[in-house]
Amino acid sequence: APLTPPDLTKCHKATDEFPTPHKVDCCPPDYGKAKMVDFTPPSPKDPLRIRKAAHKYNLDDIAKFEAAIAKMKALPTNHPWNYYQQATIHCTYCNGAFDQLNTKTLLQVHGNWFFLPWHRYYLYFWEKILGKLIGDDTFAIPFWNWDAPKGMYMPLMYLNEKSPLFDGTRDKRHYKSVLDYRYSMGAPNPTDPKPVVTNNLEMLSSMFKETLNLPALFMGKPLRAGENPTTSTTAPGSCETLHNVMHQWVGPTTSPYWNMGNFHTAARDTIFFAHHGNVDRMWDIYNNSRGQRHEFSDPDWLDSSFIFYDENEQLVNCKVRDCPTPQSLRYIYHPEPIPWTNNRR
Ligand code: C2O
């Protein structure tokens, strides 16, 4: 059966695994009291949002994005749009603050086929809220173009210490070093970026080639209502597994790995949303290569739903079937060359 929204009155403590498992508070404010409605996808007449690569942002783009983030950070701490409340949503769904409805089984959107759709909605509402805060209904968030050689670095705008995009918890050794998809925690920086870039492109290329006809390998394996996300046969897709590397690479090398290296805190770092922008873009590229077909026709996937606060502070129930493509949510990725499509191993 499809996943249904949890009982909102039953939010409980979540678990942070590091340095040893302990309870943390990740419940959204007033969830128990809010009334939920079904999500209505935007109309084709609504303005289109165009997400651009972070490393290509010009000064005006940066100023606008910074202004929006600064406003979000300045909201009262218990406001559902507050920057840290928005970050906490990730903890809610990632660190087990809810049980699946009428069960004692935790709700988890990582490590299974919900990874991509859940994060698509998460970014979508974050973007809409930011746009609303600065009164711009075409506002779009940047993506970290880590699949292009020039994008395989932390985008510069996140490294300005005076910017609201800055986060002092990142691994400083990586401020100017090339991102290595084979990075393992604490490994030294590569001396020559060239072979690293080549290898990254090859890894992407084979990842797409190997999974093109096997969505469960790219997207993640099924998790159905009532199944335990840690003990069932579910598994993350290759897209998620690769994305974990960037989390570790940006975050610090010491436990508890706050912010980016720990799911409890990852979304406190603004670069999280640029990273996930590109993860979402990978799904879009994958989906386009397959002729925009649903990756799974199984209603257990399509009819599963998640809850979010929308840009009107309304709690909405969002079904996987309503976010098959960026276009269906009225945004697109600004076309960038895809340098790895011809990089066959
Ligand atoms: Cu919800 Cu990058 O993880």
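For the sequence shown, the UniProt record's numbering gives the first residue as 83, with consecutive numbering after it. Even for Gly, the Cβ is constructed at its ideal location relative to N, Cα and C. Small disclaimer: the values here were computed from a predicted structure and weren't measured.
Here the alpha carbons of T185 and P237 stand approximately 43 Å from one another.
With respect to Q190, L305 sits close: the two C-beta atoms are nearer than 9 Å.
Exposure of E292 is indicated by the presence of fewer than 16 other C-beta atoms within 10 angstroms of its C-beta. Measuring C-alpha to C-alpha distances from N271 to each of T280, P277, H256 and N281 identifies H256 as the nearest. By the CB criterion at 9 Å, A136 and W226 fall inside the cutoff.
When DSSP states are grouped into helix, strand and coil, H104 belongs to the strand group.
Selection R264, H376, Y240 and P158 evaluated against L198 yields H376 as nearest (Cα-Cα). DSSP places C176 inside the alpha helix (DSSP H), whose first and last residues are Y165 to C176. For I389, the enclosing beta strand (DSSP E) covers residues S387 to Y391. Across the structure, M154 and T323 are spaced so that their CA atoms are roughly 30 Å apart. Of all alpha-carbon atoms in T91, T174 and L296, the one lying nearest the alpha-carbon of A348 is that of T174.
Between F345 and N177, the C-beta gap is smaller than 9 Å, which places the two residues in contact.
Of all alpha-carbon atoms in I367, H172 and T91, the one lying nearest the alpha-carbon of T407 is that of I367.
In this structure, DSSP gives G302 an extended state, which the three-state scheme calls strand. Distance between I414 and N242, taken at the CA atoms: about 27 Å.
When C-beta atoms of the region 259 to 271 are compared with those of the region 387 to 403, fewer than three pairs fall below 8 Å, so the two segments do not count as touching. If you look at M289, you'll find it in the alpha helix (DSSP H) that goes P275 to T293. Secondary structure at Y257: coil, using DSSP grouped into helix, strand and coil. If you draw a straight line from the Cα of Y139 to the Cα of D120, it is about 35 Å long.
With fewer than 16 other beta carbons inside 10 angstroms of its own, G373 counts as exposed. When only Cα atoms are considered, I353 and W228 end up about 12 Å apart.
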